[in-house]
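Count along the sequence shown from 1, then add 2; that gives the number in this note's numbering.
Virtual Cβ for every residue (Gly too), placed ideally from N, Cα, C.
These figures come from a predicted structure and were not determined experimentally.
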Amino acid sequence: MLHVMGAAMGWVAFVASPTYRRRFLANSALAGYSFGAVRAAVAHAGRMVAELPRLWMGATMPCALTGEACVEQAYAAGRGIVFLTPHQGCFELSAQAAARRWSAERGPITVLYRPARQAWLAKVMETARNRPGMLAVPTTLAGVRQMIKALRRGEAVGLLPDQVPPEGQGQWAPFFGRDAYTMTLAVRLAQQTGAAVVLARCERLPWGRGYVTHFEPLSAPLSADMDQAVLQINQAMEHLIRQCPEQYLWGYGRYKQPRGEAAAAEPAAGGAA
3 MLHVMGAAMG
13 WVAFVASPTY
23 RRRFLANSAL
33 AGYSFGAVRA
43 AVAHAGRMVA
53 ELPRLWMGAT
63 MPCALTGEAC
73 VEQAYAAGRG
83 IVFLTPHQGC
93 FELSAQAAAR
103 RWSAERGPIT
113 VLYRPARQAW
123 LAKVMETARN
133 RPGMLAVPTT
143 LAGVRQMIKA
153 LRRGEAVGLL
163 PDQVPPEGQG
173 QWAPFFGRDA
183 YTMTLAVRLA
193 QQTGAAVVLA
203 RCERLPWGRG
213 YVTHFEPLSA
223 PLSADMDQAV
233 LQINQAMEHL
243 IRQCPEQYLW
253 GYGRYKQPRG
263 EAAAAEPAAG
273 GAA
């Protein structure tokens, strides 16, 4: 029911907002997709919003896993894991599903989130995202230090590297052929702790049949050079998106200018954490 309602909401937003519609069409065209090839993403964006109340506050949602071997190998080697997922499908469920599978044995998964400006909504987000086996930390230096400590304990963290960070917390790198301001946090976390990088995407199945989260390793070891490593992350996100482009949030402002903000979420000073 929520997905039917959400699909309608997605199309209403697409028709009613010229800015959103232009950005959706421009971003998908930049990646080489016609509107016909990704039009299903309009409805999936609405489904993503509609399922949030259940995802945050309802009963556990069914989610199968594939590609678990790369996760098991990283844990068996005693390494922490940096899970990376784009704004695709039910991306928040990917962390919940991983936590249900591994947190009892391997410790919680720490995820980074940006608190809402409204106090009541910030409290809801903090409470809702602290699901069993998960620890949500804010995008502050303290939150990043918690992530570094978790990785050094051999635990896992989760990030969305296709999210535009504040000014000073990223660098420009190609994404589908156009420069996009890209976070350096994922690279720094892996480089400072020796953690494994695992890619994840959570696919929404039709007709409310549940979800499938797919895991896979980074195609090549992360480069020690920051510029090259950031490019690797962007290319990895492109790879995941192309596997299911009809569930990516093409209307997200991926190429916007970063907003000015104190560089609180960089772990450059986290060596003492």
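Contact between alanine 198 and isoleucine 83 holds: their C-beta atoms lie close to 5 Å from each other, under 8 Å.
Taking 4 residues as the minimum length, the alpha helix (DSSP H) runs contained wholly in the stretch 185 to 246 are 187 to 195, 228 to 245, in order along the chain. Shown here, arginine 180 sits in a strand according to DSSP, grouped into three states. When the five nearest sequence neighbours on each side are left out, the beta carbons in the same chain lying within less than 8 Å of the beta carbon of tyrosine 213 are those of Met63, Pro64, Cys65, Ala66, Gly91, Cys92, Leu95, Ala99, Cys204, Glu205, Arg206, Leu207, in order along the chain.
Between the stretch 10 to 17 and the stretch 235 to 249 there are fewer than three inter-stretch CB-CB distances shorter than 8 Å, so the stretches are not counted as touching.
Taking a C-beta distance under 7 Å as the contact criterion, phenylalanine 217 and glycine 160 do not qualify as a contact pair. Per DSSP, reduced to three states, the secondary structure at tryptophan 252 is coil, with no helix or strand assignment.
Per DSSP, the continuous beta strand (DSSP E) segment holding glycine 160 begins and ends at 158 to 161.
When C-alpha distances from aspartate 227 are compared across Val6, Arg190, Ala202, the shortest belongs to Arg190. In terms of Cβ geometry, serine 30 and tryptophan 252 form a close pair [threshold 7 Å]. For methionine 50, there is no enclosing beta strand (DSSP E); the enclosing alpha helix (DSSP H) covers residues 42 to 52. In the DSSP assignment, cysteine 72 falls within the unbroken alpha helix (DSSP H) covering 70 to 78. In the structure shown, glutamine 148 adopts helical secondary structure according to DSSP, grouped into three states.
Excluding residues up to 5 positions away in sequence, Arg103, Phe217 lie with their Cβ nearer than 8 Å to the Cβ of glutamate 70 in the same chain.
For proline 140, the enclosing beta strand (DSSP E) covers residues 136 to 140. The stretch 72 to 83 and the stretch 38 to 56 do not touch, with fewer than three beta-carbon pairs separated by less than 8 Å.
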